[in-house]
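Student: Residue numbers (full-length UniProt numbering): 1 to 182. Idealized CB from N, CA, C, for every residue including glycine.
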């Protein structure tokens, strides 16, 4: 059975361990006295992100969360983005294709955007709101990996809006750091 909570616990544990150690990873994921197993997903998400924010600076928190992306459905999305790249000769053509628009891509004033009219994270299905964008940084990490593979260059991703933070959409700016079409 696919247990998204268990997967998230393991992924966050590994990302925190890479930034710190086993003891800190246990503290972040399972709580001070490892009581998080009794928390529902909504409470666990919020308390885990709070523990992360208390124990690490903003930059480290963002990097840890970006390293938490699960890769779910990556092959299918990568195939689509690679197809769009092959059918275009620049970023504007890339983002203005019907399939690109259907996938949430757009091009405005020389910049590429990816948006979702819903929160794409299954862990947040029962979460009404978040106080910070910490949890959402995993989607930033996912998008970074996706577009770096498809564009064959380094990519920066900036989270601009989050539905779970009260915005009407989730919105990211995708910034290729090199030329995609040579």
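Once DSSP output is grouped into helix, strand and coil, what is the label at residue 138?
Tutor: What you label residue 138 is simply residue 138 of the chain shown in a count that begins at 1. Residue state, collapsed to three classes: helix.
Student: May I have the straight-line CA-CA distance separating residue 178 from residue 150, to the nearest angstrom?
Tutor: Here residue 178 is taken as the residue at index 178 of the chain shown, counted from 1. Here residue 150 is taken as the residue at index 150 of the chain shown, counted from 1. When rounded, the distance between both Cα atoms is 13 Å.
Student: Per DSSP, which one or two residues make a beta bridge with residue 117?
Tutor: Working through the chain shown from its first residue, we reach residue 117 at position 117. Residue 117 is not bridged to any residue.
Student: Who does residue 155 pair with in a DSSP beta bridge?
Tutor: Your numbering for residue 155 matches position 155 in the chain shown. Answer by DSSP bridge pairing, in chain order: 176.
Student: Rounded C-beta distance between residue 51 and residue 17? I'm assuming under 8 Å.
Tutor: Residue numbering aside, residue 51 sits at position 51 when the chain shown is read from its first letter. Residue numbering aside, residue 17 sits at position 17 when the chain shown is read from its first letter. Actually they do not touch by this definition, with Cβ atoms about 14 Å apart.
Student: Let me know if residue 108 comes out buried or exposed under the rule of 16 or more other beta-carbons within 10 Å of its beta-carbon.
Tutor: On the chain shown, position 108 is the one that residue 108 refers to. Exposed is the call here.
Student: Count the other CB atoms within 10 Å of the CB of residue 64; is the residue buried (16 or more) or exposed (fewer)?
Tutor: The residue labelled residue 64 in the question sits at position 64 within the chain shown. Buried, since its Cβ has 16 or more Cβ neighbours within 10 Å.
Student: If we ignore side chains and look at the alpha-carbon of each, how far apart do residue 97 and residue 84 end up?
Tutor: Along the chain shown, one-based indexing puts residue 97 at 97. Along the chain shown, one-based indexing puts residue 84 at 84. Near 8 Å, if we compare the C-alpha coordinates of residue 84 and residue 97.
Student: Taking the alpha-carbon of residue 10 as reference, which of 20, 21, 19 and 25 has the nearest alpha-carbon?
Tutor: In the chain shown, the residue the question calls residue 10 occupies position 10. Here the closest residue by C-alpha is 25.
Student: By DSSP's criteria, residue 43 is part of a beta bridge. Which residues make up the other side?
Tutor: Sequence index remark: in the chain shown, residue 43 carries index 43 (1-based). Residue 43 pairs with nothing; no bridge assigned.
Student: As a quick exercise: from 71, 29, 164 and 75, pick the residue whose alpha carbon is nearest that of residue 53.
Tutor: For the purposes of this step, residue 53 is identified with residue 53 of the chain shown, where counting begins at 1. Of 71, 29, 164 and 75, the residue nearest in Cα terms is 29.
Student: What is the DSSP secondary structure of residue 80, reduced to helix, strand or coil?
Tutor: To locate residue 80, count along the chain shown from 1; it is residue 80. Helix.
Student: Buried or exposed: residue 141, going by 16 or more other Cβ atoms within 10 Å of its Cβ?
Tutor: Looking up residue 141 in the chain shown gives position 141. When all chains shown are included, residue 141 counts as buried.
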